[in-house]
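One rule links them: number in my numbering = place in the sequence shown (from 1) + 6. Note that beta-carbon positions come from the ideal geometry of N, C-alpha and C, so glycine has one too.
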Amino acid sequence: MNIQRLMLLKYKPRYLMHKVVFGTHNETCPEYMKQFDKPGNGSLKRAEKSGKVRLGFVPEEFFVFFYPKTGVTGPYLFGIMLLNYLVSKEIYVMEHEYYIGLSVLVIVCYGTKKLGPLAAASLDKEVDKVEASYNSARKEEESTYETIIKNGKTAQLRANGQKLLIEAKKENVAMQLEANYRERLMHVYNSIKRRLEYHVKLTRVETNIHQKWMCAWILDNVLKSITPEIEKKIINEAIENLSKLASHAGNK
């Protein structure tokens with residue numbers, strides 16, 4: 007109830023805030039209405055152990071609530087005064103059931119002190135078993151998901167490898183097409199070269215034949231134009247020239 011009142015007073019105007027005394031919280035008591043700096047930080051974790059108490063059942067927050075106003079003795083005095091008021095005004099009557107309750111309380115406290123640790127250890131073992139089973143299942147799921155993630159990354163690498171392989175095949179096909187193109191281009195070049203060489207040789211042969219025919223025709227015409235008188239005259243001139251050359255050589 008006190009917590010609900012504090013929660014309601016927390017959202018009232020600021021001029022009333024000085025009248026409200028907020029109790030502090032220990033490590034085992036979670037804070038209510040905690041505002042997170044960033045969204046998505048998760049919910050409050052459940053405490054593994056109960057909050058700190060005094061006298062076996064009084065919460066620590068009850069004592070902390072009195073400290074700012076009454077000091078460390080305030081909670082104890084408040085309890086004594088409240089009990090004195092209830093008994094003196096006969097609001098709480100000490101009849102025979104009261105003493106039975108005291109006997110039961112003593113038995114419960116004794117059993118709690120003696121059997122409580124054993125029961126707590128046994129229950130803790132059961133809790134540890136349940137927690138271990140949950141942790142093992144969680145670890146198995148984590149390992150399964152890690153394996154799935156690893157397989158996914160491997161599949162991504164394989165997909166990238168297939169992409170590189172396809173690009174390499176495309177480059178190989180392009181190189182083959184280029185080689186085939188150059189081979190056909192060289193074949194055309196050699197074919198044209200052979201044809202040109204053939205025409206050059208053919209032209210040379212025809213030119214040589216024409217020259218031979220021309221020389222033979224000229225010689226035949228020259229020989230036909232020489233008469234016996236001209237031939238005799240040429241021979242005589244040649245003999246005279248030889249005689250002159252011989253006499254000239256003898257004089258030297």
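Continuous alpha helix (DSSP H) stretch holding residue i: start and end
i: phenylalanine 72; result: 66 to 76
i: valine 136; result: 102 to 231
i: valine 93; result: 80 to 94
Cβ-based neighbour list, residue i, same chain, cut-off 7 Å, excluding 5 preceding and 5 following
i: tyrosine 98; result: Leu92
i: phenylalanine 68; result: Pro81
C-alpha distance - residue i paired with residue j, whole-angstrom precision
i: lysine 250; j: lysine 239; result: 17 Å
i: alanine 180; j: arginine 188; result: 12 Å
i: glutamate 132; j: alanine 125; result: 11 Å
i: cysteine 221; j: alanine 185; result: 53 Å
i: glutamate 203; j: tryptophan 219; result: 24 Å
i: glutamine 182; j: lysine 199; result: 25 Å
i: isoleucine 154; j: arginine 144; result: 15 Å
i: valine 114; j: lysine 55; result: 21 Å
i: lysine 18; j: asparagine 90; result: Because the pLDDT at lysine 18 is just 43, under 50, the model does not fix this residue reliably, and the point stays unresolved.
i: valine 112; j: glutamate 103; result: 14 Å
i: alanine 53; j: valine 110; result: 30 Å
i: threonine 209; j: isoleucine 236; result: 40 Å
i: serine 197; j: lysine 175; result: 33 Å
i: lysine 230; j: asparagine 214; result: 24 Å
i: arginine 164; j: tyrosine 140; result: 35 Å
i: tyrosine 121; j: leucine 50; result: According to the sequence displayed, residue 121 carries leucine and not tyrosine. If I take the Cα positions, the gap works out to 32 Å.
One or two residues paired with residue i in a DSSP bridge
i: valine 59; result: Pro65
Residue i beta carbon near the ligand COA (any heavy atom closer than 7 Å)
i: leucine 89; result: Within the structure as shown, the ligand COA is missing, as the structure has no ligands at all.
Cutoff 8 Å; reference residue i; Cβ partners in own chain excluding five residues on either side
i: serine 142; result: none
Proximal residues to residue i (C-beta, below 6 Å), its chain only, five neighbours per side dropped
i: asparagine 166; result: none
Stretch-stretch touch, CB-based, cutoff 8 Å, three pairs: the region 65 to 73 with the region 81 to 95: Output reads yes: the region 81 to 95 touches the region 65 to 73.
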